[in-house]
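Chemist: For the sequence shown, my numbering gives the first residue as 259, with consecutive numbering after it.
We put the beta carbon where it would ideally sit given N, CA and C, even for glycine.
Bear in mind the structure is a predicted one, so any value in this text is a computation, not a measurement.
Would you mind keeping the following structure in view while I ask a few things?
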Amino acid sequence: MENIDSFHKSLIVCDTHCDTAMRMVEGFDITNRSDSGHVDIPRLIEGGLDVQVFACWIGKPGEPKGHYSTLAKKMINAIYTQFGKNYNFIEPVLKFSDIEKSNKNGKIAGIIAIEGGQAIEDDLYMLDVFYGLGVRLMTIVWGSTNWADASREPEKFNGLTDFGKSVIKEMNRLGMIVDVSHSSDKTTWDVLEISTEPIIASHSSAQAICGHPRNVNDDLIKAISQSGGAIFINFCPEFLDEDFWKGTKKEAPLIDKVIEHIDHIANVGGIESVGIGSDYDGMGPAPIGLEDVSKFPNITKKLTEKGYKEDEITKVMGGNFLRVFEKVCNK
């Protein structure tokens, strides 16, 4: 275990999705260790996190025009406020060389994302605005927008509208990662057809293991992998465990279920197609063995026990996201 601890510390560990910004905008301070939630500075450090993506979840569709962009800006401001208070430990990054610099200086690299394309208020210019504010990743739907279908709602547009396709093109032009978690299958196929850059599912799991519609089927796993992208495993029990999703099991699954999803996606799409997107602070109980972000070393330990090679673990724990970030965000 001592050697595994040392190996984990040597990795560049990335988590591609947490919802801690929801807490920040309500006044939560990440400086000190908290007894609630999943993420704060002490636990990020204990977990060996080097890159953390902070998503600005802006709520369900149906609010008046202007609501979503305003809320997104408030959440971005709250993130920067927390980064400023903790500048000795974490800093915002905009491009791959920034991550390298943060890693060299012993700081966590913080990436800002938007979760829900309604934040752009059906205006392509808002993508430029958010890019200027430091956003480098957008989950294009959380609930259907006016231009794209979501995974758990009736189809309205048969995937992307023409405007939705222009959103993908503009994200490609700017250097903003396209995230298809929460997208319907048809929306995801449309994105794959339009995008000239790798795409990701920042916090989704394998549908073959758990049939929840939020998860990714094998054909899409292969296609996302072929785009140069990856799927990042979500720790939410209802996306990991079929019985938990269907309500026939109430106990959170073990960490082994996360490893099972990693195994499956790696087998279907290749070892370059999978990583970790916890969804911490966006769920209730987390898997046993992954109760909060401080437990990330347990993933490295489990992968080692399963027989994964060091270079494979390096890819899963962060390398696959770094590859996409370097390709897309170095405009």
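Where in the region 501-553 do unbroken runs of the alpha helix (DSSP H), each at least 4 residues long, occur, reported from the N-terminal end onward?
Modeler: Within the region 501-553, the complete alpha helix (DSSP H) runs of at least 4 residues are 513-527.
Chemist: Within the region 435-468, note down every full alpha helix (DSSP H) run reaching 4 residues or more, in order along the chain.
Modeler: The region 435-468 contains these whole alpha helix (DSSP H) runs: 443-452.
Chemist: Just verifying my parser: in three-state terms, what is the DSSP assignment at M259?
Modeler: Low confidence applies to M259: its pLDDT is 48, below 50, so where it sits in the model is not reliable enough to give any reading.
Chemist: At which residues does the alpha helix (DSSP H) containing G317 begin and terminate?
Modeler: Neither: G317 is in no alpha helix (DSSP H) and is coded neither H nor E.
Chemist: Using 8 Å for Cβ pairs, my map puts I288 next to I270. What's the rounded Cβ distance?
Modeler: So it is not a contact: roughly 21 Å between Cβ atoms.
Chemist: Within a Cβ cutoff of 7 Å, which residues of the same chain sit near G535, ignoring the five residues on either side of it in sequence?
Modeler: D273, T274, H275, S460, H461, F490, I491 and N492, listed in sequence order.
Chemist: Could you please give the first and the last residue of the uninterrupted alpha helix (DSSP H) stretch that includes E570?
Modeler: Residues E568 to T572.
Chemist: Who pairs with C276 in a beta bridge, going by DSSP?
Modeler: Per DSSP, F312 and Y538.
Chemist: What number of angstroms, rounded off, separates the C-alpha of D277 from the C-alpha of P511?
Modeler: The straight-line gap from Cα to Cα measures roughly 21 Å.
Chemist: Could you say which of G401, S424 and L307 lies nearest to K414 if we only look at CA atoms?
Modeler: Per the Cα distances, G401.
Chemist: Take L382 and list the residues in its own chain whose beta-carbon comes closer than 6 Å to its own, dropping the five residues that flank it on each side.
Modeler: Answer for L382: E428, listed in chain order.
Chemist: Run through DSSP, which three-state label would T558 get?
Modeler: Looking at T558 - three-state DSSP - the assignment turns out to be helix.
Chemist: Pick out whichever of I557, K585 and F579 has its Cα sitting closest to the Cα of K267.
Modeler: The candidate whose alpha carbon is nearest that of K267 is I557.
Chemist: Going by beta carbon distance, what residues of the same chain come within less than 6 Å of P350, once the five residues before and after it are set aside?
Modeler: Result list for P350: F341, G368 and G392, in chain order.
Chemist: Could you compute how far the alpha carbon of M434 sits from the alpha carbon of A371?
Modeler: If you take the alpha carbons of M434 and A371, they lie about 9 Å apart.
Chemist: Just to confirm the assignment: which complete beta strand (DSSP E) runs, minimum length 3, are found wholly within the region 362-439?
Modeler: Listed in chain order, the complete beta strand (DSSP E) runs (minimum 3 residues) inside the region 362-439 are 366-373, 393-397 and 435-437.
Chemist: Output yes or no for whether 8 Å exceeds the beta carbon distance between R301 and D550.
Modeler: A contact, by the Cβ cut-off of 8 Å.
Chemist: For S537, count the other beta carbons within 10 Å of its own beta carbon; 16 or more makes it buried, fewer makes it exposed. Which is it?
Modeler: Looking at the sequence provided, one finds Asp at residue 537 rather than Ser. The residue is buried, with at least 16 neighbouring Cβ atoms inside 10 Å.
Chemist: Looking at the unbroken beta strand (DSSP E) that takes in I348, where does it start and where does it end?
Modeler: Where I348 is concerned, the enclosing beta strand (DSSP E) stretches over I348 to P350.
Chemist: What is the DSSP secondary structure of V283, reduced to helix, strand or coil?
Modeler: Three-state DSSP puts V283 in coil, outside helix and strand.
Chemist: Once DSSP output is grouped into helix, strand and coil, what is the label at L269?
Modeler: L269: coil per DSSP, three-state reduction.
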